[in-house]
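Chains as they are written, first to last, in our numbering: chain V, 37 to 199; chain E, 37 to 199.
The block underneath contains the structure these notes are about, expressed in structure tokens.
Number of protein chains: 2
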Amino acid sequence: MSTNREKESPAFRGGAAFLLSQLGAHVAQQFADRVAELDLTPAQAGLLRMLVQAPGRSQRELAEMLGMPPSRFVPFADGMQERGLIERRRNPDDRRVYSLTLTDKGMELLARLGTVAKAHEEQVCQALAPDEHQQLIGLLRRIADQQQLTPGVHGGYRRLRSG
Amino acid sequence: MSTNREKESPAFRGGAAFLLSQLGAHVAQQFADRVAELDLTPAQAGLLRMLVQAPGRSQRELAEMLGMPPSRFVPFADGMQERGLIERRRNPDDRRVYSLTLTDKGMELLARLGTVAKAHEEQVCQALAPDEHQQLIGLLRRIADQQQLTPGVHGGYRRLRSG
DNA sequence: TATTGTTATACTCTATAACTATA
DNA sequence: TATAGTTATAGAGTATAACAATA
Numbered sequence: 037m038s039t040n041r042e043k044e045s046p047a048f049r050g051g052a053a054f055l056l057s058q059l060g061a062h063v064a065q066q067f068a069d070r071v072a073e074l075d076l077t078p079a080q081a082g083l084l085r086m087l088v089q090a091p092g093r094s095q096r097e098l099a100e101m102l103g104m105p106p107s108r109f110v111p112f113a114d115g116m117q118e119r120g121l122i123e124r125r126r127n128p129d130d131r132r133v134y135s136l137t138l139t140d141k142g143m144e145l146l147a148r149l150g151t152v153a154k155a156h157e158e159q160v161c162q163a164l165a166p167d168e169h170q171q172l173i174g175l176l177r178r179i180a181d182q183q184q185l186t187p188g189v190h191g192g193y194r195r196l197r198s199g
Numbered sequence: 037m038s039t040n041r042e043k044e045s046p047a048f049r050g051g052a053a054f055l056l057s058q059l060g061a062h063v064a065q066q067f068a069d070r071v072a073e074l075d076l077t078p079a080q081a082g083l084l085r086m087l088v089q090a091p092g093r094s095q096r097e098l099a100e101m102l103g104m105p106p107s108r109f110v111p112f113a114d115g116m117q118e119r120g121l122i123e124r125r126r127n128p129d130d131r132r133v134y135s136l137t138l139t140d141k142g143m144e145l146l147a148r149l150g151t152v153a154k155a156h157e158e159q160v161c162q163a164l165a166p167d168e169h170q171q172l173i174g175l176l177r178r179i180a181d182q183q184q185l186t187p188g189v190h191g192g193y194r195r196l197r198s199g
């Protein structure tokens, strides 16, 4: 007739996997709230970053990197084009594809995004001393490499909005 | 006429916040895939855990912990009750509220869930040596505490399914 | 015939709010 | 009248698949 309070596996609430999942959701939500002040969703911020890392990609490539179907990418890119943040140019070699690039306005916004990201980083890691902060980054990066995650891009913010 | 490749802020792709967000989404998705083999969603797994940690809570309390509105909790709990995993008992002191508890079948499933969680933990952290693994848990837990996250519960898997 | 971008549509998921029963 | 649980419904968001243009 023992109680059941102790029966839960410690890997659950105490493990790194759970903490990563919990913290990841928290951090992603905070980032969503911050970029909302620039009138951006996390996915839009991701597109700005991807375009400066490697401009001139096709919509299909970009859609896949962001983890969305090509059909969804169209209205997504429409909005950013209407705001003057990105440009669509027909590729002369293959006139089916667009090459997407940042406008000057898009690059300005990306710079402001960098400031936001830096403040966010500091807010998230304020519990850690500088050397611990670096230690954490090192450990996380090794896991990310081993898990074969693409550096700098992820589609995990697929469903996040501000709020 | 410089290129724009170097203009991105390093806090973006290299920072702990980005890595936490990226890894968190990855780890949560992997967990969703694993528990799908037990015919559970992450939210359902979360409810099983919550009920063994502190049985007898009302539906409203549980709904809030899982980050869902009470109206959504009803069909959510219905499914688990129909599968014989949880029980609804009217509270004699206040007959408006249900007290939710795990059935024996629910506790069996929770035990299998513990095995799954342990395997998941090992798979996620296989890049790390045992002492590094503990180091990571320590750093993450300090951040989680400082960010005031409730230990053992999070609503961040709100929108995850297997796939 | 295959591929890019696009559009249309149908579907899932969700939250809001109205309803009932107990207090 | 206030609160727990429930139900109904309307809206947002999504993916699937059909379509047009180009290769």
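For every residue, glycine included, the Cβ atom is placed at its ideal position computed from N, Cα and C.
Would you mind working out which of V:Glu100, V:Cys161, V:Ser135, V:Leu102 sits nearest Gln117 of chain V, comparing C-alpha positions?
For the purposes of this step, residue 117 of chain V is taken as residue 81 along the first sequence, with counting starting at 1. In terms of Cα proximity to Gln117 of chain V, the closest of V:Glu100, V:Cys161, V:Ser135, V:Leu102 is V:Ser135.
Report the start-end ranges of each beta strand (DSSP E) in the segment 106 to 170 of chain V that is 3 residues or longer and not cut off at the edges.
Listed in chain order, they are 122 to 126, 134 to 138.
Given that Val160 of chain E touches chain V, what residues does it touch there, using C-beta distances under 8 Å?
Residue 160 of chain E sits at position 124 when you count from the first residue of the second sequence. The answer, in chain order, is Ala52, Ala53, Leu56, Ile179, Gln183.
So, under 8 Å CB-CB, Leu56 of chain E and Leu176 of chain V are touching, yes? Tell me the CB distance rounded to an integer number of Å.
Your numbering for residue 56 of chain E matches position 20 in the second sequence. Your numbering for residue 176 of chain V matches position 140 in the first sequence. About 7 Å separates the CB atoms of Leu56 of chain E and Leu176 of chain V; that is less than 8 Å, so the two are in contact.
Could you tell me whether the Cβ of Val63 of chain E comes closer than 8 Å to any Cβ of chain V?
Taking the first residue of the second sequence as 1, we reach residue 63 of chain E at position 27. Chain V, which has a Cβ nearer than 8 Å to the Cβ of Val63 of chain E, makes this yes.
So if I threshold CB-CB distances at 8 Å, which residues from the segment 136 to 168 of chain E count as touching chain V?
If the cut-off is 8 Å between Cβ atoms, the segment 136 to 168 of chain E has Leu138, Met143, Leu146, Ala147, Leu149, Gly150, Thr151, Ala153, Lys154, His156, Glu157, Val160, Cys161, Gln162, Ala163, Leu164, Glu168 near chain V.
Under 7 Å (Cβ pairs) to chain V, residues found in the segment 73 to 84 of chain E:
If the cut-off is 7 Å between Cβ atoms, the segment 73 to 84 of chain E has nothing near chain V.
Taking the C-alpha atoms as reference points, what is the distance between Val217 of chain V and Met86 of chain V?
Residue 217 of chain V lies beyond the range of chain V shown here (37 to 199); nothing can be said about it.
Per-residue burial, Gly120 of chain E [other beta carbons within 10 Å of its own, 16 or more giving buried]:
As a first step, residue 120 of chain E must be located in the second sequence, where it is residue number 84. Its Cβ having fewer than 16 others within 10 Å, Gly120 of chain E is exposed.
Would a check of beta-carbon distances place Ile173 of chain V closer than 8 Å to chain E?
The residue labelled residue 173 of chain V in the question sits at position 137 within the first sequence. Closer than 8 Å to some Cβ of chain E, the Cβ of Ile173 of chain V qualifies, so yes.
When the Cα atoms are used, what is the spatial distance from Leu185 of chain V to Pro166 of chain V?
Along the first sequence, read from residue 1 onward, the residue named residue 185 of chain V stands at position 149. Along the first sequence, read from residue 1 onward, the residue named residue 166 of chain V stands at position 130. Cα to Cα, Leu185 of chain V sits roughly 25 Å from Pro166 of chain V.
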